[in-house]
Amino acid sequence: MNRDFAIECERLSRIYRSGSIPGRGRETPALTDLTMQVPKAVVFGLLGPNGAGKTTTIRILSTLLAPTSGSARVLGYDVVKQAKQVRERIGFILGGDRGLYGRLTGKQNVRYFGALNRLNPKTAKRRGDELLERVGLAAAADTLVEEYSRGMKQRLHIARGLLTDPEVIFMDEPTIGLDPMGAQELRQYIPELVGQGKTILLTTHYMLEADMLCDEIALIDHGRLVALGTPDEIKRNFSRLTIFEIVVNQTSETLTAELSNIDGVQHVETSAEGIFQKITIAVEAGVDARDQIQATIGAERVESLVVRDPTLEEAYVSILT
Amino acid sequence: MAAALHNIALQAYYSYKGLFLWLNWTAYISNVFIAPVVFVVIVTLTGRFAGQSDSANAYIIGMAAYAIPAILSGGILQSFCYERTFGTLSLIYASRSNRWVTYWSKGLLHYPNGLLAAATSLLFGWLLLDLDFSRLNWPALVVLLLVISFSCLCLCLFVGNFSIALREWIIPVGITNGLLLITSGVVVPVDQLPGFLGEIGRVVPLTHGLSALREAFEGASLGDLVDDIVYELVVGLCYLLAGGFLFSLLEANAKRTGTYESAI
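Residue numbers (our numbering), protein chains in the order written: chain A, 503 to 823; chain B, 970 to 1233.
Structure (structure tokens):
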């Protein structure tokens, strides 16, 4: 156990079994040998396609699901053997419409979860009111949740998840359903929570959000860890891509096909850039295609050429395909 | 201590308000007041038509007592079932809550509904069907309604676990109420039931309480009825303990299989 880590997973695996007839059941490995460590007071992104094992990981870490093998600790406490201690220190924020009581008001939902978590009623009331104010629901606090929009429900999830002032917060797609302003407000709030010493494990499908917020990222696919590092490390070390962004003043119908035929070029995309055209070319890392690209386009047509690391989204696609 | 009690009251109130979908005027009045009275009238008139006019009191009292589990089962099983349907069960499982408190607080505010349904049925039994109150021992009536409501509440909490597992409340309600109607002496006396049904009748709530209730209407005192009252209470407590254990078992099974909670 290392006290510097908020979360530690050691060869964590989970297999779902379906069917009750012996020999006819189906086994689905949702997580296989996941080993990772999350330092305290950081935002740690858990990224991957649907069904990759992100939610399974969160369910295990929040004591809702037992691992099939391996171990996991939250703030040094084993999630299986010391589930009670883990629950006293975690909160989770879900995405979506479920997990709230539609027939209660926003304020009543928060109070109820305060009572469930054995908060002192005065503390629960004060903190609940503060959080509803913080997430912009003060005016709708006495409205039934079944009348809330999806974004309002998402804000209520956030208030509920933070009610117990948890040290570790699991956020499962927290900006899903939020309008751009709401999503931006949450993104601004997350560093504030980290500043208070909280550790956040975030899953999201918005790569820009992950790139902006996460100190470290684990990329998982089919239940296995495929990349782990800072966003920059992921982009540089794992993506195996270099991106050429070229602004040209003239293009031809066959240019995209010609560029695609160059050795090492994986993907070519064109878009309008004012009166010019922008060509984005993904090239395998280590392949020196610069001269061939310029020659194919024609030096006289090139207005600018920039070679850059891939974005997190480009890296994500490159790693997972 | 005061804070803990306050939290229990909040859990009871909010789980009642949040999960009892009959909590609107139309559904509440229909289910708590009108339906029990209709059942009392139907069964009693059927009994009279069948030539058992002297059994009218027994039918009215039986159906009035049966109104207690009928309303409790509907309300309490909804509360358990919708916890899973609404995706809030996982929030309970991941919370610091005392599971026993969370479990039985789900029934707390349903308790008065059982009393109301039974009292309304008896009142209308008197108004419409001439239920004879002349020899009734009133303190025994009050105690017995409280005890029967308690034991039936405990049974409904126990069955509530199945509505979580099945994600369905109507079928468990039907089975529970049907079983009580057949085996607890509401219509057919327990000693006239076929052997195994009679045995079931002895271990379900309502049987002993109802028997005592009928005797109370014949003037029996609380002292005369103490055995049945204690038996009814013990049966209720057994279901309460078994239900609480089952609730914990469900949580353990949910962790093992990953299937019961679905919010996350």
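Here a beta-carbon is modelled for each residue, glycine too, at the ideal position from N, C-alpha and C.
Residue i: which of the options sits nearest, CA to CA?
i, options, result
"Met654/A", "Lys583/A, Leu695/A and Arg600/A", "Arg600/A"
"Asn751/A", "Phe778/A, Thr565/A and Gly593/A", "Phe778/A"
"Cys1121/B", "Pro1158/B, Trp1138/B and Asn1146/B", "Asn1146/B"
"Leu1058/B", "Tyr1028/B, Ser984/B and Asn1082/B", "Ser984/B"
"Ala554/A", "Lys624/A, Gly776/A, Thr534/A and Tyr708/A", "Thr534/A"
"Phe507/A", "Met538/A, Arg513/A and Glu529/A", "Met538/A"
"Ile998/B", "Thr1089/B, Thr1013/B and Asn976/B", "Thr1089/B"
"Gly1154/B", "Ala1004/B, Ala972/B, Ser1048/B and Tyr1035/B", "Tyr1035/B"
"Pro682/A", "Gln796/A, Glu711/A and Leu757/A", "Glu711/A"
"Asn976/B", "Gln686/A, Asn619/A and Gly776/A", "Asn619/A"
"Arg662/A", "Gly684/A, Val767/A and Gly608/A", "Gly608/A"
"Arg513/A", "Gly800/A, Pro668/A, Leu536/A and Leu639/A", "Leu536/A"
"Leu1041/B", "Trp1138/B, Ala978/B and Ile1011/B", "Trp1138/B"
I'd like the list of long-range same chain contacts for residue i, defined as Cβ closer than 8 Å, with 5 residues on each side in sequence excluded.
i, result
"Gly1116/B", "Per the sequence presented here, residue 1116/B reads as Val, with Gly not at that position. Once the five neighbours on either side are set aside, the close Cβ partners of Val1116/B are Gly1178, Ile1198, Glu1201, Leu1202 and Gly1205."
"Pro693/A", "Val545 and Leu715"
"Val1173/B", "Leu1124, Leu1148, Leu1149, Thr1152, Ser1153 and Val1204"
"Leu990/B", "Ala996, Gln1047 and Tyr1051"
For residue i, which residues of its own chain have a beta-carbon under 7 Å away from its beta-carbon, when the five flanking residues on both sides are left out?
i, result
"Ala568/A", "Val582"
"Leu824/A", "An answer regarding residue 824/A cannot be provided, because it is not within the stretch 503 to 823 covered by chain A."
"Arg810/A", "Ile745 and Glu747"
"Leu1219/B", "Asn1130, Ile1133, Ala1134 and Tyr1229"
"Tyr489/A", "Nothing in the structure corresponds to residue 489/A, since chain A is present only between 503 and 823."
Are the beta-carbon atoms of residue i and residue j separated by less than 8 Å?
i, j, result
"Gly1043/B", "Asn993/B", "no"
"Arg1065/B", "Arg589/A", "yes"
"Ile736/A", "Leu721/A", "yes"
"Val545/A", "Leu563/A", "no"
"Leu704/A", "Ile509/A", "no"
"Pro812/A", "Ser820/A", "yes"
"Ile1029/B", "Gly1083/B", "no"
"Ser1217/B", "Arg1068/B", "yes"
"Ser827/A", "Ser515/A", "Any question about residue 827/A goes unanswered here, given that chain A covers just 503 to 823."
"Val670/A", "Ile719/A", "no"
"Arg738/A", "Glu786/A", "no"
"Leu633/A", "Leu606/A", "no"
"Tyr650/A", "Ala642/A", "yes"
"Gly1143/B", "Ser1048/B", "no"
"Leu1209/B", "Trp1073/B", "yes"
"Leu596/A", "Val647/A", "no"
"Thr706/A", "Gly547/A", "yes"
"Ser1118/B", "Tyr1062/B", "no"
"Val1112/B", "Gln980/B", "no"
"Thr732/A", "Ala543/A", "no"
"Met1032/B", "Phe1008/B", "yes"
"Gly638/A", "Gly616/A", "no"
Determine the chain A residues that contact residue i at a beta-carbon separation under 7 Å, and present them in chain order.
i, result
"Ile1133/B", "Neighbours of Ile1133/B on chain A: none; closest Cβ ~15 Å, over 7 Å."
"Asn1082/B", "Going along chain A, no residue has its Cβ under 7 Å from Asn1082/B, so there is no contact; the nearest lies around 17 Å."
Below 7 Å on C-beta distance, what does residue i contact in chain B?
i, result
"Leu634/A", "Going along chain B, no residue has its Cβ under 7 Å from Leu634/A, so there is no contact; the nearest lies around 16 Å."
"Ala568/A", "Lys1224 and Arg1225"
"Asn622/A", "Ala972"
"Lys564/A", "The question names Lys, yet the displayed sequence has Ser at residue 564/A. Neighbours of Ser564/A on chain B, chain order: Ala1063."
"Gln752/A", "By Cβ distance, chain B contributes nothing, its closest Cβ being about 53 Å from Gln752/A, past 7 Å."
"Gln610/A", "Tyr983"
Here's a check: name, in chain order, each residue in its chain whose Cβ is nearer than 6 Å to the Cβ of residue i, leaving out the five neighbours to either side.
i, result
"Pro531/A", "Ile517 and Gly725"
"Ala1232/B", "Note that Ala1232/B scores a pLDDT of 40, beneath 50, so its modelled location is shaky; the value from the coordinates is reported in the next line. Result list for Ala1232/B: Gly1056 and Ser1059, in chain order."
"Leu1110/B", "Ala1185"
"Glu815/A", "Met709"
"Lys780/A", "Val749 and Ser773"
"Gln794/A", "Ile764"
"His769/A", "Ala784"
Could you give the C-beta distance for residue i and residue j, rounded to a whole number, given that I count them as a contact under 8 Å?
i, j, result
"Leu1085/B", "Leu1091/B", "Not a contact, Cβ separation roughly 11 Å."
"Leu761/A", "Ile745/A", "Leu761/A to Ile745/A, Cβ: 13 Å. No contact."
"Asn1106/B", "Ser1024/B", "At roughly 20 Å, the Cβ-Cβ gap does not stay under 8 Å, so Asn1106/B and Ser1024/B are not in contact."
"Ile560/A", "Asp674/A", "6 Å"
"Lys627/A", "Arg613/A", "7 Å"
"Ala1027/B", "Arg1183/B", "6 Å"
"Ala1004/B", "Ile1037/B", "That pair is no contact at about 13 Å."
Show which residues of chain B have a CB atom less than 8 Å away from the CB atom of residue i.
i, result
"Glu649/A", "Ordered by position in chain B, no residue passes the 8 Å Cβ test against Glu649/A, which lies about 14 Å from the chain."
"Leu606/A", "Tyr983, Lys986 and Gly987"
"Gln539/A", "Simply none; closest approach about 22 Å."
"Arg589/A", "Ala1063, Ser1064 and Arg1065"
List the residues of chain B that residue i touches, going by C-beta distances under 9 Å, in chain order.
i, result
"Phe746/A", "Result: empty, since nearest Cβ-Cβ is about 42 Å, beyond 9 Å."
What residues from chain A crowd round residue i, counting only those whose CB sits closer than 9 Å?
i, result
"Ser1190/B", "What Ser1190/B touches in chain A: nothing, since even the nearest Cβ is about 42 Å away."
"Leu1219/B", "The premise fails here: Leu1219/B is roughly 13 Å from chain A at the closest Cβ pair, so nothing lies under 9 Å."
"His1079/B", "None at all; the shortest Cβ gap to chain A is about 15 Å."
Under 8 Å between beta-carbons, which chain A residues line up against residue i? List them in chain order, please.
i, result
"Gln980/B", "Tyr614, Ala617 and Leu618"
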